[in-house]
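*Asks:*
Protein chains: 2
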Amino acid sequence: MSNDFPTRAENYAQWYQDLVIKADLAENSAVRGCMVIKPYGYAIWEKMQGVLDKMFKDTGHVNAYFPLFIPKSFLSKEAAHVEGFAKECAVVTHYRLKNAEDGSGIIVDPEAKLEEELIVRPTSETIIWNTYRGWIQSWRDLPILINQWANVVRWELRTRLFLRTAEFLWQEGHTAHATAEEAIEETRKMLDVYATFAETIMALPVIKGVKTANERFAGALDTYCIEAMMQDGKALQAGTSHFLGQNFAKAFDVKFTGKDGKQEFVWATSWGVSTRLMGALIMAHSDDQGLVLPPKLAPIQVVIVPIYKNDEQLKQISAAVEVLVNDLRSRQISVKFDDRDTHKPGWKFNEYEFKGVPVRVAIGPRDLENGTAEVARRDTKEKSVMQLTDLGMKIEHLLENIQQNIYDRALSFRESKMIRVDSWSEFKDKIEEGGFLLAHWDGTPETEEKIKQETKATIRCIPLDAKEEVGACVYSGRPSSQRVIFARAY
Amino acid sequence: MSNDFPTRAENYAQWYQDLVIKADLAENSAVRGCMVIKPYGYAIWEKMQGVLDKMFKDTGHVNAYFPLFIPKSFLSKEAAHVEGFAKECAVVTHYRLKNAEDGSGIIVDPEAKLEEELIVRPTSETIIWNTYRGWIQSWRDLPILINQWANVVRWELRTRLFLRTAEFLWQEGHTAHATAEEAIEETRKMLDVYATFAETIMALPVIKGVKTANERFAGALDTYCIEAMMQDGKALQAGTSHFLGQNFAKAFDVKFTGKDGKQEFVWATSWGVSTRLMGALIMAHSDDQGLVLPPKLAPIQVVIVPIYKNDEQLKQISAAVEVLVNDLRSRQISVKFDDRDTHKPGWKFNEYEFKGVPVRVAIGPRDLENGTAEVARRDTKEKSVMQLTDLGMKIEHLLENIQQNIYDRALSFRESKMIRVDSWSEFKDKIEEGGFLLAHWDGTPETEEKIKQETKATIRCIPLDAKEEVGACVYSGRPSSQRVIFARAY
Chain A
4 MSNDFPTRAE NYAQWYQDLV IKADLAENSA VRGCMVIKPY GYAIWEKMQG VLDKMFKDTG
64 HVNAYFPLFI PKSFLSKEAA HVEGFAKECA VVTHYRLKNA EDGSGIIVDP EAKLEEELIV
124 RPTSETIIWN TYRGWIQSWR DLPILINQWA NVVRWELRTR LFLRTAEFLW QEGHTAHATA
184 EEAIEETRKM LDVYATFAET IMALPVIKGV KTANERFAGA LDTYCIEAMM QDGKALQAGT
244 SHFLGQNFAK AFDVKFTGKD GKQEFVWATS WGVSTRLMGA LIMAHSDDQG LVLPPKLAPI
304 QVVIVPIYKN DEQLKQISAA VEVLVNDLRS RQISVKFDDR DTHKPGWKFN EYEFKGVPVR
364 VAIGPRDLEN GTAEVARRDT KEKSVMQLTD LGMKIEHLLE NIQQNIYDRA LSFRESKMIR
424 VDSWSEFKDK IEEGGFLLAH WDGTPETEEK IKQETKATIR CIPLDAKEEV GACVYSGRPS
484 SQRVIFARAY
Chain B
4 MSNDFPTRAE NYAQWYQDLV IKADLAENSA VRGCMVIKPY GYAIWEKMQG VLDKMFKDTG
64 HVNAYFPLFI PKSFLSKEAA HVEGFAKECA VVTHYRLKNA EDGSGIIVDP EAKLEEELIV
124 RPTSETIIWN TYRGWIQSWR DLPILINQWA NVVRWELRTR LFLRTAEFLW QEGHTAHATA
184 EEAIEETRKM LDVYATFAET IMALPVIKGV KTANERFAGA LDTYCIEAMM QDGKALQAGT
244 SHFLGQNFAK AFDVKFTGKD GKQEFVWATS WGVSTRLMGA LIMAHSDDQG LVLPPKLAPI
304 QVVIVPIYKN DEQLKQISAA VEVLVNDLRS RQISVKFDDR DTHKPGWKFN EYEFKGVPVR
364 VAIGPRDLEN GTAEVARRDT KEKSVMQLTD LGMKIEHLLE NIQQNIYDRA LSFRESKMIR
424 VDSWSEFKDK IEEGGFLLAH WDGTPETEEK IKQETKATIR CIPLDAKEEV GACVYSGRPS
484 SQRVIFARAY
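Chains A and B, in that order, give the protein sequences. Following this note's numbering, the numbering of the first sequence begins with 4 at its first residue and continues without gaps. Following this note's numbering, the numbering of the second sequence begins with 4 at its first residue and continues without gaps.
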């Protein structure tokens, strides 16, 4: 199973696509650009959702649900937003089908044309702020801290499973505040939530930063982001948090009366992560033998494979396994005992390795005699023989160790590919090798655009922790006070 | 707050709509027929989802996600299905917008017309069975036991919050089996899951039955359902489970090779419940003072309101409350301590009564002196003074008692409105009073249709536990072997 797809070195893009499909994570559907998320992939997404949802609630947010459709005119109300989003959208124009008179099948009923077309939401700022107008009168109604789990549609021409699909699943937070300061604080707080989630749950080191004007969300005053490095050295934007100022409040006339009795427009934020995180997870950690999943997101954390020649041996092994299974479950560890007789142990070893199960335990008759088991970890492929006594506790520690190791490995890979460049020729050389280039930039959109045209590299972000440093723009030579991160990106 | 909306007796339909809106459960959106589910309503739906999702997983199902869009031609492939579903649908015809040349706003780009229109899923049998074709080759690939949580769209002309909306949220199970027997067993198993959920979690007594051919799901061989009675005596179908035979397998050419090496079409089921359950929950239990929520679905199960005149009193009360709050939380009871100084206790009492919080605890200075608290239950509005000692345990028992009482009350109401009728004149009289009429029926669609035309009553179901009984059809006088349930329905 692991031999019929290319290695990362041979063809990274093909390796990714084959892995997603062969590991039963997702596949392309009959509808152009839309994917089917298969049970194994969806189980990982559910784990992500569960953790994120709790983090949102712990920071005071509640969930709600707004319509799938947005009246076309709403998209035009915020000037920058319309430029960014009112382009590649799925448009509903009719609301009825009927049988063709010639019996050839069903056709769209021309009489059932909508007066105003409806757009399948590409993002929900417009419909939500139109709703908030009815919810907000005074400062007492603020803040509103709402999140929505939903599907959205952006009619992408070139799609890739999880990374860029016409329909995708995501969460979008939409908050309303009485002051700019409070909205900015919220924007930064949610960026921190995303960074914590990426690093501690996905084992994915990220750089927190702010986008340049060119790369900002359409309608935002500031877009904060977390950027991660994939194993080909390309960047992947893993989450964004936007300070929207009063743009949407003005577009949808959402005002509140302050404590001083004066009316003012409401301040807004929005923030989101999507099933794109699945792509980041796969591309950051997996290897040429298949998926590598951090234990905190693995649907099966431990698989136990019995090695036996007859029913009597299986029975004895099963009795020992039952003790271990109960111990692991009491530690909230998800464990599968694969005692199917339709497949040989070697086949199972390959299968679970390919599916990224973090820990594999094999137990045969000789193990039983010795009171041991063979424990293999997926991340390093190391095997060791361990005593059955206290094995549950040891596996619990091993899972923590694996989680940390996967993170550390990704971090040291990224550190090795973070390169300071100070000349344009060096920039052009290094960008071909992949990685994040730390370079001075003169702060103009023009320079940014020229660099993009010449190298396909974009400014991923201006890192929040960047140090002030006197320098000259790598392209124009004009003065600059800090380095930004350039990279090619997904 | 509870006085500015009609009583159930005055205007049941208006009472329902006002209650949904004033209790902050949902509201109509700017998009015709689509609702906004507000945080308080969504919190109840999330609780329903959580319990149902666990019940599905405990019965061996996994979640997955299929596309929002269905190619128009797919809907025509199953003959009965197309009649039922290819009618009032949202149709996507274009995939791009552009700026109008006259600067008047954005228009649909006529050049971006889809070759084949896409239908926003009204239900997903077609796209899912088209996908299953690629997943199923042999008996080893069966069964497939998948559930999907999703939004669906049916372009209803007359809509009502939760009960009938153009877009709604639901879950749809879609399973594939090697034999008819196994598929039928699955259909019945999920009906039982729904009935258990309705009765034990929603406190809603339901009748399990099978639909007549007229009322069957479009494409099913048999539709099983659970039917509940609302307080106006009307029926509400709260969940359905369909045995689809081989209809969709044949329409999408999904075959498997059996153990005997022969190819056969796959057997199917589908089953679903939706945000309609929110409507059932509200209409079954609530009263003229507002919502009544069963404790197992209440976002806030216990609210504690301090009664105080100064900060010193509040401080003392808060100290006692903290002990109680910790005790309740350790029992997994969700509790809110409302110590806001912006509202008076009386206002808070009304608010939480209206929102259906099952238990209200009030503590004032005299209570503290006596070591007591006033405990009020929402269902019966009884109040009693209880010792603070062991109050957590007593409230835990009280919540169980309330859950049971709400169920018992709904059950005895339903029993009082289940009426055996044996003549057509009696039928016509009784149907005006509301309730379920148990009557003999001759088994023909023609009689069923005539009864519907004359009385607006439909056959809700043929109860699974109906006794064989010799009788004559209440309408045609022809022989019948069991009674069925007639009612007007939502």
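Note that beta-carbon positions come from the ideal geometry of N, C-alpha and C, so glycine has one too. Bear in mind the structure is a predicted one, so any value in this text is a computation, not a measurement.
Output, in sequence order along the chain, the residues in the region 80-98 of chain A whose CB is closer than 8 Å to any CB in chain B.
*Replies:* Correct list: V85, A89, K90, E91, C92, A93, V94, V95, T96, H97, Y98.
*Asks:* According to DSSP, is R381(A) part of a helix, a strand, or is it coil?
*Replies:* Within the first sequence, residue 381(A) is the residue found at index 378, counting from 1. Note: R381(A) maps to coil in three-state DSSP.
*Asks:* Of the residues A103(A), V324(A), L145(A), I47(A), which one's Cα is nearest the Cα of A179(A)?
*Replies:* The residue given as residue 179(A) occupies position 176 in the first sequence. Out of A103(A), V324(A), L145(A), I47(A), L145(A) has the C-alpha closest to the C-alpha of A179(A).
*Asks:* Shortest alpha-carbon distance to H443(A) belongs to which of Q456(A), E435(A), S426(A)?
*Replies:* Indexing the first sequence from 1 puts residue 443(A) at position 440. Taking only the C-alpha atoms, the option nearest H443(A) is S426(A).
*Asks:* If I follow the unbroken alpha helix (DSSP H) through P309(A), where does it start and stop?
*Replies:* Here residue 309(A) refers to the residue found at position 306 of the first sequence. Element bounds for P309(A): not the alpha helix (DSSP H) but the beta strand (DSSP E), 305-309.
*Asks:* So what does DSSP say about K41(A), is it helix, strand or coil?
*Replies:* Counted from its first residue, the first sequence places residue 41(A) at position 38. Residue state, collapsed to three classes: coil.
*Asks:* Going by Cα to Cα distance, which pick from D370(A), P113(A), V95(A) is closest to K101(A)?
*Replies:* Along the first sequence, one-based indexing puts residue 101(A) at 98. When only C-alpha atoms are compared, the closest one is P113(A).
*Asks:* Please decide whether V111(A) counts as near chain B, where near means a Cβ-Cβ distance under 8 Å.
*Replies:* One-based indexing of the first sequence puts residue 111(A) at position 108. At least one chain B Cβ lies under 8 Å of V111(A).
*Asks:* Can you look up W48(A) in the DSSP assignment and give me helix, strand or coil?
*Replies:* One-based indexing of the first sequence puts residue 48(A) at position 45. Of the three classes helix, strand and coil, the one that applies to W48(A) here is helix, per DSSP.
*Asks:* Report the option in N66(A), A216(A), I130(A), E399(A) whose CA atom is closest to the CA atom of P302(B).
*Replies:* Numbered from its first residue, the second sequence carries residue 302(B) at position 299. Nearest option by C-alpha distance: N66(A).
*Asks:* Assuming the contact rule is C-beta atoms closer than 8 Å, W132(B) and G275(B) should be a hit. Round their C-beta distance to whole Å, please.
*Replies:* For this step, residue 132(B) is matched to residue 129 along the second sequence. For this step, residue 275(B) is matched to residue 272 along the second sequence. In fact, because the Cβ distance is near 15 Å, the residues do not count as touching under 8 Å.
*Asks:* Going by DSSP, what residue range makes up the alpha helix (DSSP H) through H84(A)?
*Replies:* Here the question's residue 84(A) lines up with position 81 in the first sequence. That run of the alpha helix (DSSP H) goes 82-88.
*Asks:* Since P70(B) contacts I122(B) with CB under 8 Å, what's their CB separation in whole angstroms?
*Replies:* To locate residue 70(B), count along the second sequence from 1; it is residue 67. To locate residue 122(B), count along the second sequence from 1; it is residue 119. The Cβ separation is near 11 Å, so there is no contact.
*Asks:* Going by DSSP, what residue range makes up the alpha helix (DSSP H) through W427(A)?
*Replies:* Here the question's residue 427(A) lines up with position 424 in the first sequence. From DSSP, the alpha helix (DSSP H) with W427(A) extends over 427-436.
*Asks:* How big is the Cα-Cα spacing for K347(A) and P309(A)?
*Replies:* Translated into the one-based positions of the first sequence, residue 347(A) becomes position 344. Translated into the one-based positions of the first sequence, residue 309(A) becomes position 306. Their Cα atoms are separated by approximately 10 Å.
*Asks:* Step through the CB atoms of chain A and report whether any lies within less than 8 Å of the CB of S273(B).
*Replies:* As a working note, residue 273(B) is residue 270 in the second sequence. It does not: the Cβ of S273(B) has no partner Cβ on chain A nearer than 8 Å.
*Asks:* Tell me whether the beta-carbon of V155(B) lies closer than 8 Å to the beta-carbon of T126(B).
*Replies:* As a first step, residue 155(B) must be located in the second sequence, where it is residue number 152. As a first step, residue 126(B) must be located in the second sequence, where it is residue number 123. Yes, the pair counts as a contact, with Cβ atoms nearer than the cut-off.
*Asks:* Mapping the DSSP letters down to three states, classify T126(A) as helix, strand or coil.
*Replies:* Looking up residue 126(A) in the first sequence gives position 123. Here T126(A) sits in coil by DSSP.
*Asks:* Quick check: does the Cβ of I398(B) come within less than 7 Å of any heavy atom belonging to the ligand NAP?
*Replies:* Only the bare structure without any ligand can be found here, which leaves the ligand NAP out of the picture.
*Asks:* With distances taken between CB atoms, is the gap from A241(A) to L207(A) smaller than 8 Å?
*Replies:* Here residue 241(A) refers to the residue found at position 238 of the first sequence. Here residue 207(A) refers to the residue found at position 204 of the first sequence. Going by C-beta atoms, A241(A) is nearer than 8 Å to L207(A).
*Asks:* Just to confirm before moving on: does the CB-CB distance between I139(B) and F255(B) stay below 8 Å?
*Replies:* Looking up residue 139(B) in the second sequence gives position 136. Looking up residue 255(B) in the second sequence gives position 252. Against a cut-off of 8 Å, the Cβ pair of F255(B) and I139(B) comes out as no contact.
*Asks:* Nearest-angstrom Cα distance between T243(A) and Q17(A)?
*Replies:* To locate residue 243(A), count along the first sequence from 1; it is residue 240. To locate residue 17(A), count along the first sequence from 1; it is residue 14. Using only the alpha carbons, I get a separation of about 27 Å.
*Asks:* Under three-state DSSP, which class holds T96(A)?
*Replies:* One-based indexing of the first sequence puts residue 96(A) at position 93. Three-state DSSP puts T96(A) in a strand.
*Asks:* Would you check if the region 104-111 of chain A and the region 72-82 of chain B touch, i.e. whether three or more CB-CB distances between them fall below 8 Å?
*Replies:* At 8 Å Cβ cutoff, the stretches touch.
*Asks:* Would you give the residue range spanned by the beta strand (DSSP E) that K339(A) belongs to?
*Replies:* Your numbering for residue 339(A) matches position 336 in the first sequence. Segment 338-340, the beta strand (DSSP E) holding K339(A).
*Asks:* By alpha-carbon positions, which one of E435(B), V362(B), G367(B), E354(B) ends up nearest to L22(B)?
*Replies:* By one-based count along the second sequence, residue 22(B) stands at place 19. Of the candidates E435(B), V362(B), G367(B), E354(B), the one whose C-alpha sits nearest the C-alpha of L22(B) is E354(B).
*Asks:* What are the boundary residues of the alpha helix (DSSP H) that R191(A) is part of?
*Replies:* For the purposes of this step, residue 191(A) is identified with residue 188 of the first sequence, where counting begins at 1. Here the alpha helix (DSSP H) through R191(A) covers 183-199.
*Asks:* Assign F322(B) to one of two classes, buried (16 or more other C-beta atoms within 10 Å of its C-beta) or exposed (fewer than that).
*Replies:* Reading the second sequence from its first residue, position 319 is the one you call residue 322(B). In the sequence as presented, Phe is not what sits at residue 322(B); that position holds Ala. When all chains shown are included, A322(B) counts as exposed.
*Asks:* Let me check one thing: in DSSP terms, what residues is D290(B) bridge-paired to?
*Replies:* Position 287 of the second sequence holds residue 290(B). Looking at the DSSP assignment, D290(B) forms a beta bridge with G293(B).
*Asks:* For chain B, find out if any of its Cβ atoms is closer than 8 Å to the Cβ of T134(A); answer yes or no.
*Replies:* Taking the first sequence and counting its residues from 1, one reaches residue 134(A) at position 131. Output row for T134(A): interface = yes.
*Asks:* Taking the alpha helix (DSSP H) that T450(A) belongs to, which residues open and close that run?
*Replies:* As a working note, residue 450(A) is residue 447 in the first sequence. T450(A) -> alpha helix (DSSP H) spans 448-458.
*Asks:* Could you tell me whether the region 420-435 of chain A touches the region 402-412 of chain A, using the rule of 3 or more Cβ pairs below 8 Å?
*Replies:* As far as the Cβ criterion goes, the region 420-435 of chain A does not touch the region 402-412 of chain A, which means the pair count is below three.
*Asks:* How would you label D263(B), buried or exposed, when you count the other beta carbons within 10 angstroms and need 16 or more for buried?
*Replies:* Within the second sequence, residue 263(B) is the residue found at index 260, counting from 1. Exposed.
*Asks:* Determine whether the Cβ of K347(A) lies closer than 8 Å to any Cβ atom of chain B.
*Replies:* Translated into the one-based positions of the first sequence, residue 347(A) becomes position 344. Taking Cβ atoms only, chain B never reaches closer than 8 Å to K347(A), which makes this a no.
*Asks:* Mark K386(B) as exposed unless 16 or more other C-beta atoms lie within 10 angstroms of its C-beta, in which case mark it buried.
*Replies:* Counting from 1 along the second sequence, the entry for residue 386(B) is found at position 383. Exposed: under 16 other Cβ atoms inside 10 Å.
*Asks:* Can you give the Cα-Cα distance for G212(A) and K192(A), rounded to whole angstroms?
*Replies:* As a first step, residue 212(A) must be located in the first sequence, where it is residue number 209. As a first step, residue 192(A) must be located in the first sequence, where it is residue number 189. Their backbone Cα atoms lie some 13 Å apart in a straight line.
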